[in-house]
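Have a look at the structure below before the remarks.
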Amino acid sequence: MESKLTNMGSSLPVPYVQELAKGPLTAVPTRYVRPDQDPPFISSTTSSPKVPVIDLFRLLSGDSMKSELEKFHYACQDWGFFQLINHGVSTQLVEKVKVEIQEFFKLPMEEKNKYCQQAGDLEGHGQAFVVSEEQKLDWADMFYLITLPIHFRKPHLFPKLPLPLRDTLEAYSTELRNLAMKILNLMAKALRMESNDMKDLFEEGMQSMRMNYYPPCPQPELVIGLNPHSDSVGLTILLQLNEMEGLQIRKDGMWVPVKPLPDAFIINIGDILEIITNGIYRSIEHRATVNSSKERLSIATFYNPKLEGDMGPAPSLITPETPQLFRRIGVADYFKGFFSRELRGKSYVDVMRIQNGSDKSN
Numbered sequence: 001m002e003s004k005l006t007n008m009g010s011s012l013p014v015p016y017v018q019e020l021a022k023g024p025l026t027a028v029p030t031r032y033v034r035p036d037q038d039p040p041f042i043s044s045t046t047s048s049p050k051v052p053v054i055d056l057f058r059l060l061s062g063d064s065m066k067s068e069l070e071k072f073h074y075a076c077q078d079w080g081f082f083q084l085i086n087h088g089v090s091t092q093l094v095e096k097v098k099v100e101i102q103e104f105f106k107l108p109m110e111e112k113n114k115y116c117q118q119a120g121d122l123e124g125h126g127q128a129f130v131v132s133e134e135q136k137l138d139w140a141d142m143f144y145l146i147t148l149p150i151h152f153r154k155p156h157l158f159p160k161l162p163l164p165l166r167d168t169l170e171a172y173s174t175e176l177r178n179l180a181m182k183i184l185n186l187m188a189k190a191l192r193m194e195s196n197d198m199k200d201l202f203e204e205g206m207q208s209m210r211m212n213y214y215p216p217c218p219q220p221e222l223v224i225g226l227n228p229h230s231d232s233v234g235l236t237i238l239l240q241l242n243e244m245e246g247l248q249i250r251k252d253g254m255w256v257p258v259k260p261l262p263d264a265f266i267i268n269i270g271d272i273l274e275i276i277t278n279g280i281y282r283s284i285e286h287r288a289t290v291n292s293s294k295e296r297l298s299i300a301t302f303y304n305p306k307l308e309g310d311m312g313p314a315p316s317l318i319t320p321e322t323p324q325l326f327r328r329i330g331v332a333d334y335f336k337g338f339f340s341r342e343l344r345g346k347s348y349v350d351v352m353r354i355q356n357g358s359d360k361s362n
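Residue numbers (full-length UniProt numbering): 1 to 362.
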């Protein structure tokens, strides 16, 4: 049974960039040109900042738990991003995810059109956050799906996926839900939160997946694959699907390229976790760049509190010394507000901030 709660917004239809990039293209169409992009951080390999690497096995092992938990807390607090190794998700399943999503984007357009975004809905194959005919567009296509809870799945999407992909995403969805809950519980431990604060919010929460396809571009310096933004969600688990890099994060005012490690997930803090942790952990702006030689693909899995609830800073993290920074809001209302806007920086989480100590209860 489909829930009305999942109809949280829509995006205006735009051309598929994958199809656009197939044609003879010597110049980028004006609507994709963004001349104001900051250049990435350029430096020697040894001196450029490195995203922290966290070992989940060490986090869960008695002897190394304390030191790895301190490292984990620092990564969440100072970076908002980390690479996770020894995460426990089978290599065989991860490889199947990589292969089958790439195969999906190779399908003929008439096949992919079976999954296109419908009027008034964000889910499906298309582009998100297009709210006006004038705004600049990203050089990318995406396929967005709500995967959990099962009764939120759209009957014309997940159940109709090509069979190998559907079965693989089913298994991947379960594995990543379990992984997300492990990470969230470890965050609660690192923050010394009340033991059930995180569990009560996120258990049986909403999971969605965004499969990203960034075609090659003849003038990659003029476009952006995904505009600079912070994720509106609780937790993001990103898997790079091929060897092409493109993710960059804003660190100390610079854009730092992320070099994915083999067999690692890239994890980042979303705006919801910034709100729940009362600003102790912060969501970080990031962007996706493209290149002129080859497509880049990734899948981002988002994990959120249950839509039927509400959220705000965890009561155990509010003290006279650390007063409440964000207002409480219904989770569904939060997402409806987010998806009605153009994707831009951290502008949405700033809307949630309490101004001058007011709005603490609504």
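Cβ coordinates follow ideal geometry from the N, Cα and C atoms, glycine included.
In the structure shown, the three-state DSSP call for P315 is helix. Rounded to the nearest angstrom, the gap between the Cα atoms of C76 and I269 is 7 Å.
For K251, the secondary structure class from DSSP, reduced to helix, strand or coil, is strand.
Cα atoms of P35 and P218: separation of roughly 15 Å, rounded to the nearest angstrom. Listed in chain order, the beta strand (DSSP E) elements of length 3 or more contained wholly in the stretch 126-187 are 141-148. Residue state for T91 is assigned as helix, using DSSP reduced to three classes. If you draw a 10 Å sphere on the C-beta of K22, you find fewer than 16 other C-beta atoms in it, and that means exposed.
Straight-line measurement puts the Cα of E111 at about 15 Å from the Cα of R166.
Spatial neighbours of D55 in its own chain (CB-CB distance under 7 Å, excluding positions within 5 residues in sequence) are listed in chain order as E68, I85, N86.
For the set H229, E134, P216, the Cα lying nearest the Cα of T26 is the one of P216. A contact between stretches requires three or more CB pairs, one per stretch, nearer than 8 Å, and the stretch 252-262 fails this requirement with the stretch 305-321. Look at the beta carbons and you see the stretch 191-211 touching the stretch 298-307: at least three pairs across the two are nearer than 8 Å.
For A332, the enclosing alpha helix (DSSP H) starts and ends at 331-339. Where D55 is concerned, the enclosing beta strand (DSSP E) starts and stops at 53-55. Spatial neighbours of K189 in its own chain (CB-CB distance under 8 Å, excluding positions within 5 residues in sequence) are listed in chain order as L69.
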